[in-house]
Amino acid sequence: ETGVTQSPTHLIKTRGQQVTLRCSSQSGHNTVSWYQQALGQGPQFIFQYYREEENGRGNFPPRFSGLQFPNYSSELNVNALELDDSALYLCASSLTQFYGYTFGSGTRLTVV
Amino acid sequence: AQKVTQAQTEISVVEKEDVTLDCVYETRDTTYYLFWYKQPPSGELVFLIRRNSFDEQNEISGRYSWNFQKSTSSFNFTITASQVVDSAVYFCALSVGDTGANSKLTFGKGITLSVRP
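Line order of the protein sequences matches chains A and B.
FYI, the numbering for the first sequence is 1 to 112, going by the numbering used here.
FYI, the numbering for the second sequence is 1001 to 1117, going by the numbering used here.
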């Protein structure tokens, strides 16, 4: 059984650019969530996908978008990057909330 | 709306001391789940425990124990005989509802625990 894998681990982008972060869910998990964790803060919910459909979204603007693929892997896309987008982005997969969530190690995005 | 408060921001103890990390939650839902996660410097959130709102039984796992009290909306975490490897940031989190869909986690701000040799 593999865990949750995120790529890349680190990324530096320039303000205004676009970025795509990737996540491979734990085997058999059909739900994936993305979180943004600013330095010194708790993770903030961005959105969740369940069987390829977005079914929950936090207080993030539309320039944050995502996809979930048939194999349950996922992407987070952020357009028009801003300096405040600098953070650790965490992906979490679950079968259902009854079993808790398995998190990846995250992608640390720095916007300069 | 849901809210999780971790009033302690940083705790420093000497190895072998017991330490309790506090968590207070707010929700109007009657069905909810509470979690504790550990985040070492590597960044990954490590799942420690999940508790549902209908199970107030306290739990012990090795040196870890959890005290869930609905009357005070608290879900506190105690580490007995702390070790240097326990040094990390600890998050309490809440999700509501009884289905797998739309079950986002609401996190507290975290408590940085430092255990000195």
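Think of the CB as a built atom: it goes at the ideal place given N, C-alpha and C, for glycine as much as any other residue.
This one's a predicted model, so the numbers in the text were calculated from it and none came from an experiment.
Backbone CA spacing between residue i and residue j [nearest angstrom]
i	j	result
B/Y1037	A/R15	32 Å
B/D1055	B/L1105	19 Å
B/I1049	A/Y89	22 Å
A/Q26	A/G3	5 Å
B/Q1039	A/E75	23 Å
For residue i, the three-state DSSP class (helix, strand or coil)
i	result
B/G1100	At B/G1100, the pLDDT of 43 sits below 50, so the modelled position is not reliable; the number obtained from the coordinates is stated separately. Three-state DSSP puts B/G1100 in coil, outside helix and strand.
A/Q97	Residue placement at A/Q97 cannot be trusted, given a pLDDT of 48 that sits under 50; what the coordinates show is reported in the next sentence. Reduced to three states, the DSSP call for A/Q97 is helix.
B/V1085	helix
A/S33	strand
A/L83	helix
Opening and closing residue of the beta strand (DSSP E) in which residue i lies
i	result
A/R15	Per DSSP, A/R15 belongs to no beta strand (DSSP E) and is neither H nor E.
B/L1021	V1019 to L1021
A/S65	F64 to Q68
B/L1048	V1046 to N1052
B/S1065	Y1064 to Q1069
A/F45	Q44 to Y50
C-beta neighbour in chain A for residue i, strict 8 Å
i	result
B/G1100	With a pLDDT of only 43 at B/G1100, under the threshold of 50, the placement of this residue in the model should not be trusted; the figure read from the coordinates follows. At least one chain A Cβ lies under 8 Å of B/G1100.
B/S1061	no
B/K1109	yes
B/S1114	no
Any C-beta of chain B under 8 Å from that of residue i
i	result
A/S33	yes
A/G16	no
A/Y101	yes
A/S105	yes
A/Q97	For A/Q97, the predicted model reports a pLDDT of 48, less than 50, meaning its position is unreliable; a value from the coordinates is still stated below. Output row for A/Q97: interface = yes.
Beta-bridge partners of residue i, as assigned by DSSP
i	result
B/Y1090	B/K1038 and B/I1111
B/Y1025	B/V1004
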